[in-house]
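K.L.:
My questions will all concern the structure given below.
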Amino acid sequence: MVEVVLNNIFELSAYLSPIFILAAFAVTTPFINYILKQMGKEKYLGVWTSFAFLSSLIVLTISLIGIRWLGEPIILRLGFSPIESTLIIDPLGQFFAFIFLIVSLAAAIHSITYMERDLNLGSYYLLMQFMTIGLVGLTYTNDLFTFFVLWELMAISSYVLVAFRYHLDEPVEAGVKYILMSGVGSLIMLYGISYVYGFVGSLNAKAIHFGLTALPFIPLIFVLSLLLIGFGIKAAFFPFWTWLPDAHPAAPSPISALLSGIVIKAGILGIIKFIVPVVGFIRLELGLTMAVIAGLTMTVANLLALMQDDIKRLLAYSSITNIGFILIGVAAAIYGAGISGVASSLFHTFSHALGKGLAFLAVGSIIYRLETRSISKIEGLGRKMPFTAAALIIALLGLAGMPPLPGFWSKWLLIYSSIQAGLWGLAFIGVFNSVLAVIFYLWLLQRLFFAEPTEKVLDEGKEPPFPIKLALALLMVIMIIIGFYPAPIFDMVINAAEVFMMLFG
Amino acid sequence: MLLIFLVFIPLIASVIIYPLGKLLKHRVGYLASIPIIASLSGLLYIGIKNYPKLEIFEVVEWVKTPYINVSLGFLIDGISFPIALIIALVTALACIYSVSYLEHEEGHSAYFSYYLIYTTGMLGAVLSTNLIQFFFFWELMLVPSYMLIAGWGYGDRRRVAYKYFLYTQLGSILVLLSILYLGVTLNTFEIGLLNISNLLLSIPERLILTILFVVGFGVKMAIVPLHGWLPEAHAEAPTPISVILSGVMIEVGLYAIIRIVFPISLPIWIGSVSATILMSLALLSMIYGGIMALTQYDVKRLLAYSSISQMGYMFFGVAAATATGIEGSVFHIFNHGLLKGLLFMVAGVLIHQVGIRDMRKLGGLASRMPLTAGLAMIGAMGIAGLPGISGFISEYLIFLGAFSSASIYKYLLVLLATLATAISAAYMTLFIKRVFFGPLKEEFNDATDPPYSMIIPMLILGITAVVLGIYPALILEYIIPSLGFLMGG
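Have a look at this one:
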């Protein structure tokens, strides 16, 4: 571990270039918006936003390779900070940042056409950029204070984005529900953080690790529950998932892709960063609890998904199911599988972020043309919009764990790690739910491809314009390449898990 | 790199075939057969060059981390060679056969793309050297075959395809859990190491794994209590796909049992009790499939039930757990691919030329389509086990192997199995008689033999079956050297 003390903002920006690039673009966005508005070409702000994400992604990729060369994480101590806030550049965070930026890029490209009929595009893209800054920033945090600040930046942007079409009823209702639930979650988390500070005297991850594991049973359980509820409401696992099936479908499709694809993963990031290392002697109890939560989350959401006719709601429920899958890895990691557990969680985070992002963007393409979300009205879509339907199906089969797609690799890794940890029941429930998911995705596939096209599809069905196609193709190509050649992702997740576990001895 | 090329060339070609299908319509099938023929020629080249002792192994890194190691390896030996060969042969021929068959259908691009992915899935599963890799290809077969049935089948095709998918997927759960359990306990996924590392497994573990694997693979093989999906799926699939489903795909399950389950469960497998149980299961398939076939009027359903019965024979040889029995089973996989492929193609000819599948409405066609009738005779005689056609040799070997099995009831079991052969002869004779002989109905006066693109694939299958019936050593010589290793020797 290398420790660097930073004294001024310039040094900081050298280490945190992906974030600073995003911030620089975000600051200039209002001016660009003004200029474009004068020219009457407001929709090209999407190109600007995509460019912001793309350049940040490129810089990140370069630094990702750099970190592999260095081989050890860098801790940045902010010399000018009064609360001893530290940041960390480690493979785990970089991996999350990588996922966040890819999905954001696709969503921004998709927005170029999808949002062309909306007003206030300036604030839409600005909020989108702020949300991404919050998310990418979270991956660098090494203490709960910074984490909380960036968490709120991300959360507040997402509240507004859910209710972005405020002239409609559904988004506003969903937005209010979302802000209530999520706001309470943030408060509970803040309460938990204050207890952590009280017990440990510091919010630094390393200090928390030593301080909390030395606590007696009751206070430790209390603090961990508060934190877990805080993260859990955002990650939408059982029993805190109720806001998600309302909020995610109500948002504009690219925002749904971001919310379901990456925003809920922030909760997972928090759990891995701050809860997995501190379990100490309650390892078995907490592992079992997480296993039960994972099992219930998967099963309940899967059964509810079976009954949906609204395709976005179905995808939202499927997101909850997949959070359950990711928790299998967390439970296994806590219970005893260690590195392979964390690695499998990371891998499934990747598969699900891309898969669910792609699914929501494909649905966005359907909504753009047909303006309906009802599955019974879009039957036979494969006849008129084969590319869109294929994207949706690849996304869904990828999530269901069919080869040659990333879900195949992450799912067996999850089951493998749970068997390794000795959580047999969880392995069974996981496989069972995986099949249940395949069953209902297949049922959807059947209706999209082989049913007789409805009149609406025959009349209005047409492939989407180029930007949407580009966004879909971007994610599809990455998924298929990783499906056939998963070695890079395996390398990254195993390395990330290894370095992360090493940090805490 | 030859083996990797062999497996992946159809998959790579599928990307090229898709856009071409829009231009060339159904004729793109001729192009689609080229990559499969390339795989076939590669296999033949390997076979001829290394006659008769085959042992070719190729491996590249796929996923290599300190904790999980999944290599992409391909192995051709005496067991996998005949099966890979028949897969390549039947898929190549059925691809050419599809061209005329699909003239009046839509969506040729998608059809042939799925078809090629399907081929890669089967070839890859058979040649795999790694359990995860095997499972990858095993699942890769599923989606394209599902799409082919649901998209181009007959009757209630969507429900049938869904049922097929469900059954297979439920079987896959058991396979996946067992594979991962093996991986965790043995700390390796290499199939080649199972022989040695299985010492780490206790007897109860082996027993449970064997049951899980046999049930899991049994669904794909359609062993009798697990056969529910097969009659419908094979009957309602488009005929070239029925050829593949019945001719080669279900046999991949049996191959997996020989390759994966045998090494870990040999000590319990060769016991008397387990041999009796497994052989009785196989016998049940044989007799049940045979009797159900006797009662069918639909040509394709008859052939589908016949596949269940024939799968019983192949499983009988494996269940006996003797070298001769397995030799017979592997050879029967090859022969069944030839013969059942041929017979399903005959059924396809009936659908294409006459448009009728119901045997009650057919009759006397031998005078109008002599070539088809002759080929159907070869297929029927082969399935019935008449000497002169390759099916006879393999059935003989299976029974011979069963005689030396550990079961104390082996004589009774073999006796009953011979009786089942009589049932096979009966339903095959009925099929030939009802379709090709008897008085010619008037509406069939203009019926003719099908176009060349359909008749030539059938001719190739028929001739191969006869040649192997006279000189079976062509294939058997490859199988024998690998048996010793398999039996733990």
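Those sequence lines, one after another, are chains A and B. Heads up, the first sequence is in the working numbering, so the first residue is 74 and it goes up one at a time. Heads up, the second sequence is in the working numbering, so the first residue is 556 and it goes up one at a time. Positions of the beta carbon are idealized from the N, C-alpha and C atoms, including for glycine.
Spatial neighbours of residue 447 of chain A within its chain, please: CB distance less than 8 Å, with the 5 preceding and 5 following residues excluded, ordered by chain position.
P.N.:
Closer than 8 Å at the Cβ level, and outside the excluded window around residue 447 of chain A, lie 382, 383 and 384.
K.L.:
Answer yes or no: do residue 915 of chain B and residue 995 of chain B have a C-beta to C-beta separation smaller than 8 Å?
P.N.:
Not closer than 8 Å, so no.
K.L.:
Cβ of residue 251 of chain A within 8 Å of Cβ of residue 245 of chain A?
P.N.:
Contact flag unset, no.
K.L.:
Could you list the residues in the region 386 to 414 of chain A with a C-beta less than 7 Å from some C-beta on chain B, going in chain order?
P.N.:
So the list reads 412 and 413, given in the order they occur along the chain.
K.L.:
If you measure beta-carbon to beta-carbon, which residues of the region 717 to 747 of chain B are closer than 7 Å to chain A?
P.N.:
If the cut-off is 7 Å between Cβ atoms, the region 717 to 747 of chain B has 717, 720, 721, 724, 725, 728, 731, 732, 735, 736, 738 and 739 near chain A.
K.L.:
Could you spell out the range, first to last residue, of the beta strand (DSSP E) harbouring residue 624 of chain B?
P.N.:
Residue 624 of chain B -> beta strand (DSSP E) spans 624 to 632.
K.L.:
Return helix, strand or coil for residue 685 of chain B, following the three-state DSSP convention.
P.N.:
DSSP places residue 685 of chain B in strand when its eight states are reduced to three.
K.L.:
Decide if residue 599 of chain B is buried, meaning its Cβ has at least 16 other Cβ atoms within 10 Å, or exposed.
P.N.:
Looking at its Cβ environment, which holds fewer than 16 other Cβ atoms inside 10 Å, residue 599 of chain B is exposed.
K.L.:
Specify the secondary structure class of residue 92 of chain A as computed by DSSP and reduced to three states.
P.N.:
Note: residue 92 of chain A maps to helix in three-state DSSP.
K.L.:
Please state whether DSSP places residue 216 of chain A in a helix, a strand or coil.
P.N.:
Strand.
K.L.:
So, helix, strand or coil for residue 249 of chain A, using DSSP?
P.N.:
In the structure shown, residue 249 of chain A sits in a helix (DSSP, three-state: H, G or I).
K.L.:
Given a threshold of 16 other Cβ atoms within 10 Å of its Cβ, counted over all protein chains shown, does residue 967 of chain B qualify as buried or as exposed?
P.N.:
Exposed is the call here.
K.L.:
Check whether the region 902 to 916 of chain B and the region 843 to 861 of chain B are in contact - that is, three or more C-beta pairs closer than 8 Å.
P.N.:
As far as the Cβ criterion goes, the region 902 to 916 of chain B touches the region 843 to 861 of chain B, which means the pair count is three or higher.
K.L.:
Which first and last residues belong to the alpha helix (DSSP H) in which residue 186 of chain A is found?
P.N.:
Start and end: 164 to 187.
K.L.:
If you draw a straight line from the alpha carbon of residue 553 of chain A to that of residue 562 of chain A, how long is it in whole angstroms?
P.N.:
Approximately 13 Å between the Cα atoms of the pair.
K.L.:
Using a beta-carbon distance cut-off of less than 9 Å, what residues from the region 613 to 625 of chain B approach chain A?
P.N.:
Cβ contacts with chain A come from 616, 617, 618, 619, 620, 621, 622, 623 and 625.
K.L.:
Within 8 Å (strictly less), CB to CB, does residue 698 of chain B reach chain A?
P.N.:
Closer than 8 Å: yes.
K.L.:
Mind checking if residue 314 of chain A is an interface residue toward chain B, Cβ cutoff 8 Å exclusive?
P.N.:
Taking Cβ atoms only, chain B never reaches closer than 8 Å to residue 314 of chain A, which makes this a no.
K.L.:
Which same chain residues, not among the five before or five after residue 705 of chain B, have their C-beta less than 7 Å away from its C-beta?
P.N.:
Hits under 7 Å: 712, 713 and 716.
K.L.:
Pull up the distance between the alpha-carbon of residue 764 of chain B and that of residue 341 of chain A, whole angstroms please.
P.N.:
If I take the Cα positions, the gap works out to 34 Å.
K.L.:
Quick check: what's the CA-CA separation for residue 860 of chain B versus residue 940 of chain B?
P.N.:
Distance between the alpha carbons of residue 860 of chain B and residue 940 of chain B: 16 Å.
K.L.:
Contact criterion: CB-CB distance below 8 Å. Does residue 641 of chain B meet it with respect to chain A?
P.N.:
Residue 641 of chain B does not count as touching chain A.
K.L.:
Would you say residue 888 of chain B reaches chain A, if we count a Cβ-Cβ gap shorter than 8 Å as a contact?
P.N.:
No - not a single Cβ of chain A is within 8 Å of the one on residue 888 of chain B.
K.L.:
Which same chain residues end up closer than 6 Å to residue 472 of chain A when comparing Cβ atoms and leaving out the 5 residues on each side of it in sequence?
P.N.:
Once the five neighbours on either side are set aside, the close Cβ partners of residue 472 of chain A are 428 and 480.
K.L.:
According to DSSP, simplified to helix, strand and coil, what is residue 617 of chain B?
P.N.:
In this structure, residue 617 of chain B counts as strand in the three-state DSSP scheme.
K.L.:
Could you compute how far the alpha carbon of residue 795 of chain B sits from the alpha carbon of residue 618 of chain B?
P.N.:
Distance between the alpha carbons of residue 795 of chain B and residue 618 of chain B: 36 Å.
K.L.:
So residue 823 of chain B and residue 758 of chain B are supposed to be a Cβ contact under 8 Å. How far apart are they, rounded?
P.N.:
Rounded, the Cβ-Cβ distance is 7 Å, consistent with contact.
K.L.:
In the DSSP output, which residue or residues are listed as bridge partners for residue 566 of chain A?
P.N.:
Residue 566 of chain A pairs with nothing; no bridge assigned.
K.L.:
Give a yes or no on contact between the region 349 to 358 of chain A and the region 276 to 283 of chain A, applying the rule of three or more CB pairs nearer than 8 Å.
P.N.:
Yes, since at least three Cβ pairs between the region 349 to 358 of chain A and the region 276 to 283 of chain A fall closer than 8 Å, the two stretches touch.
K.L.:
When the Cα atoms are used, what is the spatial distance from residue 722 of chain B to residue 510 of chain A?
P.N.:
About 15 Å.
K.L.:
Can you list, in chain order, the residues of the region 685 to 696 of chain B whose Cβ is nearer than 8 Å to any Cβ on chain A?
P.N.:
From the region 685 to 696 of chain B, only 687, 690, 691, 692, 694 and 695 have a Cβ closer than 8 Å to chain A.
K.L.:
With a Cβ-Cβ cutoff of 8 Å, do residue 638 of chain B and residue 681 of chain B count as a contact?
P.N.:
Closer than 8 Å, so yes.
K.L.:
Should residue 115 of chain A be labelled buried (16 or more other beta-carbon atoms within 10 Å of its own) or exposed?
P.N.:
It is buried - the Cβ of residue 115 of chain A has at least 16 other Cβ atoms within 10 Å.
K.L.:
Residues of chain B with CB closer than 7 Å to the CB of residue 511 of chain A, please, in chain order.
P.N.:
Here the neighbours are 724.
K.L.:
Restricting to Cα atoms, I'd like to know which of A:575, A:397 and A:423 is closest to residue 499 of chain A.
P.N.:
Checking every option, the nearest Cα to that of residue 499 of chain A belongs to A:397.
K.L.:
Counting only the same chain and skipping the five closest in sequence on each side, list residues whose C-beta sits under 7 Å from that of residue 987 of chain B.
P.N.:
Hits under 7 Å: 931, 932 and 935.
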